[in-house]
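Chains W and X, in that order, give the protein sequences. Just so you know, we're using numbering that gives the first Met the number 0 here: the first sequence kicks off at 0 and counts up by one. Just so you know, we're using numbering that gives the first Met the number 0 here: the second sequence kicks off at 0 and counts up by one. Written below as structure tokens is the structure these notes are about.
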Amino acid sequence: MNEHYINFDGSLKSEIFILVFDNRMMLKYFYSIFLLFSTVFCQAQSVWEKLNKDPFKSSQVYVGLKAGANYTMVNVVNRHSLIKPTHSSNEGLYEKKYQQIENLGTIYGITFLYQFDQKFVVGANVSVNQARFQYLQEQTTASNSVEFTHNHDLRYVDFPIFFRYMFRKVNSRFWSSSTRKPTVPGIIPFAQIGLNFSVLLNANKEYSKLTNQNGIESQEFIKNEDINSIMSPYTIGAFVGGGARFRVGTFYLTAEANFRQGLGNANNEKARYANANLQNEAYDVMDDFSFQSVEAIIGLIFPIKYLSKKEFLPVEI
Amino acid sequence: MRNVAILILTLVLFSSCKEELIEYTPTEKFNSIFDDPKEGASYTPLDVIETDDGGFLVLAELANNQVFVLKVSSRGEFLWSQELESKFVRAVGNIVRQGQNYYFIASSLPDYTAVLFEINDLEQTIAELRTYTAYRRPLAFSNLTPDTYLLMTYNDTTGTVLSKLQDGFAMEWARKYDTIRNAHEKLEAFENFSRADFFVGSYNAGAVIYFNSLRAGGFDLTYANNLGIETGTVSSSERNSISSLTPYGNSLLAANYSVNNQSYFINNYKLGVNGSTAVEELAGVILQDRLPMNKAGSAIVPVGTAQYLVNAYTTIDGRIKLEFYDVITGAKLAWKYMGGIDPLEVVKIIPTEDQGMVILSKITLAGANKRINLVKFPKAEILDIL
């Protein structure tokens, strides 16, 4: 028989049991500590959850202005000309010659960005986009020639919608006033892709006629014509690009470059012969074409949501 | 939300205020000028006819009177062309159709014998089909009935000769109307002095034949029966002549003519085919803006359930004027000018299968380059003009 055990019926028991049983207060303390710990543990988890799910701090809305320049190129789908050949050997002779000059235009407008994640932004702009291009048409014989120069200036209201991916390290969201706030990089490069919807605002053409007879040139006229009626009132395009966002105090500067491709004809195919002046004076009808452009834009964007308006502290994610 | 709805409504209203633009498909409307960069190239269009595929065949004369044929697509695009050998000259301004092929008459050097050519559009070939030996200087060629034809030539010793060709283009009969010594010299002198509109045609299913030619007494419009026997004339002089004659309806006629260098037009007119009258007696209306030296012509253009008489002529300022008349009442309904900075001369106006019309004209580019201009007006545009 183990002398350490005292039975309930007065026989042997364990010493620990005796210790505990005999120390009921200690048991009570032990139980209380356990309960307290579990309570403390539950309270800490709800705080974390609140920080993690705080929508106010996990997104930001920006409004801003943007302006820049673009270079427009014409992508010819079908060629059309009022002047046609009388022999198959001369086919192609009367096609328009699109030039690489007079193609610079401006773009400016306002931008709206919604950053719902540290890396992802969706945006929409309303901007005025100027598209300029030039082409020449010639009728030439050995001793004389007639050259028509056509300069086009079109303005669209653009409504691009895009998705932007920010190249950056993701910071922990679990910070509070008692912990150190993670640093958001001051310069964040990004890539973007989107669709663009354009509404034609106005379209103008300046056309001139230059005649050369036996080496002597004469400019017969320079005229302007509203060509809204022969252009498509709406176009759709897609664009890809990239840039960087620079933090400047409490607002941001963006610099971006995009390549834009029109997905439909910019001209109105069914109204090709609608403008009598162009036909009668310059023997001109539009090709079927879409636009391609490269644009460089500088933007200034301002966050809308602030942690503290007094301290001018925007939500930064 | 209310403000957004107002904004959307405003945009919709604003967009609907835009002027309505009539749009056409590429086969409905086109405007084509056929150019040639070759130095000294000159094209004088003579006739146009619509083909089965909706395209057009154009007959033209080059600088040296050489014959040129151009095929144009239904969209006004160049398809093919051919110049005949230099020995074939002076094509007569009328293309006729028989079966799947098209035919025209030209002269063969050195003696200007009339030659019939066949155009095979599918194979893009032009073949010499028949030579009418002893029938020289062809001046006009047209249908008598759908399967028979009239050929007007100018013989050296007799002047005007009218021939009927059967459906195989063999000659059925030929008649002379004058005896003119050195008739060819008279013709040459007349053509050097003034522009002459030679034409031949028929109406009342071939019962009445008419032809405009240089007769012994002058440049007269002559009437004949279906055997070619002369029944009457509308006499003219050097300064008075008929430029075009268009039969329509129930023996009604429309005519462009000149009296004392003043241009006139008459329509809904029934001309007496028996006996003689003078062109000055026609009670037409003055066309103040018509250039008398240039051609004029009319055509019946069916649009919808109605028909309209369209008269086309070259104006003094180098444009083409189209005048639309009601075929029943004869009243003028509308008019339209065509042309711009380079002068146009109308050659022919024809209706198309899709109830439009095509105008063939000569345009002079850069002051000296004569070229072919073909313009198609769709039905919708004609209705818009009316």
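Quick reminder that beta carbons are idealized off the backbone N, C-alpha and C, glycines included.
Where residue i meets chain X, residues with beta-carbon distance less than 8 Å
i: SER318(W); result: Lying outside 0 to 316, the shown extent of chain W, residue 318(W) is not represented and no answer is given.
Amino acids of chain X, ordered along the chain, whose beta-carbon sits closer than 7 Å to that of residue i
i: ASN143(W); result: ALA365
i: GLU280(W); result: GLY339 and ILE340
i: THR210(W); result: ALA365
Contact set between residue i and chain W, taken where Cβ atoms lie within less than 7 Å
i: PRO36(X); result: ASN89, LEU92, THR139 and THR140
Per DSSP, cross-strand counterpart(s) of residue i
i: LYS294(X); result: In DSSP, LYS294(X) forms no bridge with anything.
i: HIS86(W); result: Bridge partners of HIS86(W): none, in fact.
i: PRO301(X); result: GLN306(X)
i: LYS163(X); result: LEU149(X) and TRP172(X)
i: THR148(W); result: LEU135(W) and SER207(W)
i: PHE77(X); result: VAL71(X)
i: MET230(W); result: ASN266(W)
i: THR112(X); result: SER107(X) and ARG135(X)
i: PHE192(X); result: According to DSSP, PHE192(X) bridges with nothing at all.
i: GLY247(X); result: Inspection of the sequence shows that residue 247(X) is occupied by Tyr rather than by Gly. DSSP lists LEU251(X) as partners of TYR247(X).
i: THR105(W); result: ALA68(W)
Test: residue i CB closer than 8 Å to a CB of chain X
i: LYS83(W); result: yes
i: GLU205(W); result: no
i: LYS222(W); result: no
Min CB distance residue i to chain W below 8 Å
i: GLY98(X); result: no
i: ARG276(X); result: The question names Arg, yet the displayed sequence has Thr at residue 276(X). Taking Cβ atoms only, chain W never reaches closer than 8 Å to THR276(X), which makes this a no.
i: THR130(X); result: no
i: ILE381(X); result: no
Closer than 9 Å at the beta carbon, the chain W residues around residue i
i: TYR23(X); result: LYS269, ALA270, ARG271, TYR272 and ALA273
Within chain W, the residues that residue i reaches when beta carbons sit closer than 8 Å
i: LEU69(X); result: THR85
Inset, instruction - Evaluate the contact criterion for the stretch 254-262 of chain W versus the stretch 211-222 of chain W: three or more CB pairs, one atom per stretch, below 8 Å. - result: Proximity of the stretch 254-262 of chain W to the stretch 211-222 of chain W falls short of the contact definition, fewer than three beta-carbon pairs being nearer than 8 Å.
Inset, instruction - Compile a chain-ordered list of the residues in the stretch 29-57 of chain X whose CB is closer than 9 Å to at least one CB of chain W. - result: Against chain W - using a Cβ distance shorter than 9 Å - the residues of the stretch 29-57 of chain X are PHE29, ASN30, SER31, ILE32, PHE33, ASP34, ASP35, PRO36, LYS37, GLU38, GLY39, ALA40 and TYR42.
Legend entry - Short-range partners of chain X found in the stretch 254-274 of chain W, where Cβ spacing is below 8 Å: Listed by position along the chain: ASN267, GLU268, LYS269, ALA270, ARG271, TYR272 and ALA273.
Inset, instruction - Count the CB pairs spanning the stretch 140-155 of chain W and the stretch 116-123 of chain W that are closer than 8 Å, and state whether there are at least three. - result: At 8 Å Cβ cutoff, the stretches do not touch.
Inset, instruction - Tell me, please, whether the stretch 150-164 of chain X touches the stretch 207-215 of chain X by the rule of three or more beta-carbon pairs shorter than 8 Å. - result: Because the criterion of three Cβ pairs below 8 Å is met, the stretch 150-164 of chain X and the stretch 207-215 of chain X touch.
Legend entry - Contact the stretch 93-111 of chain W vs the stretch 71-84 of chain W: 3+ CB pairs below 8 Å: Two segments are said to touch when three or more pairs of C-beta atoms, one from each, lie closer than 8 Å; by this definition the stretch 93-111 of chain W touches the stretch 71-84 of chain W.
Inset, instruction - Could you tell me whether the stretch 62-80 of chain X touches the stretch 129-140 of chain X, where touching means 3 or more Cβ pairs closer than 8 Å? - result: Cβ pair count under 8 Å is below three, so no.
Inset, instruction - Evaluate the contact criterion for the stretch 24-40 of chain X versus the stretch 362-380 of chain X: three or more CB pairs, one atom per stretch, below 8 Å. - result: Under the Cβ criterion (8 Å, minimum of three pairs), the stretch 24-40 of chain X counts as touching the stretch 362-380 of chain X.
Legend entry - Inter-stretch contact (C-beta, 8 Å, three-pair minimum) for the stretch 326-339 of chain X and the stretch 218-233 of chain X: These segments do not touch.
Inset, instruction - Evaluate the contact criterion for the stretch 291-306 of chain X versus the stretch 337-355 of chain X: three or more CB pairs, one atom per stretch, below 8 Å. - result: The stretch 291-306 of chain X is in contact with the stretch 337-355 of chain X.
Legend entry - Validate contact between the stretch 243-259 of chain X and the stretch 184-195 of chain X using beta carbons, cut 8 Å, 3 pairs: They do not touch, by the three-pair rule.
Legend entry - the stretch 301-313 of chain X touching the stretch 253-263 of chain X, judged by at least three CB pairs closer than 8 Å: Contact between the stretch 301-313 of chain X and the stretch 253-263 of chain X is present, because at least three Cβ pairs lie under 8 Å.
Inset, instruction - Mind the definition here: the stretch 143-158 of chain X touches the stretch 196-203 of chain X only if three or more C-beta pairs lie below 8 Å; say whether that holds. - result: Verdict: yes, contact present.
Inset, instruction - State whether the stretch 275-295 of chain W contacts the stretch 62-72 of chain W, with contact taken as three or more CB pairs (one from each stretch) at a distance under 8 Å. - result: The stretch 275-295 of chain W vs the stretch 62-72 of chain W: in contact.
Inset, instruction - Indicate whether the contact test is met: 3 or more Cβ pairs, each with one atom in the stretch 97-104 of chain W and one in the stretch 128-146 of chain W, closer than 8 Å. - result: Three or more beta-carbon pairs separated by less than 8 Å link the stretch 97-104 of chain W to the stretch 128-146 of chain W, which places the two stretches in contact.
Legend entry - the stretch 124-135 of chain X contacting the stretch 213-226 of chain X, beta-carbon criterion three pairs below 8 Å: No: the two stretches stay apart, fewer than three of their Cβ pairs being nearer than 8 Å.
Inset, instruction - Would you check if there are 3 or more beta carbon pairs closer than 8 Å linking the stretch 271-282 of chain X to the stretch 314-327 of chain X? - result: Because the criterion of three Cβ pairs below 8 Å is not met, the stretch 271-282 of chain X and the stretch 314-327 of chain X do not touch.
Inset, instruction - Report yes or no: do the stretch 282-290 of chain W and the stretch 241-256 of chain W share at least 3 C-beta pairs separated by less than 8 Å? - result: Short answer: they don't touch.
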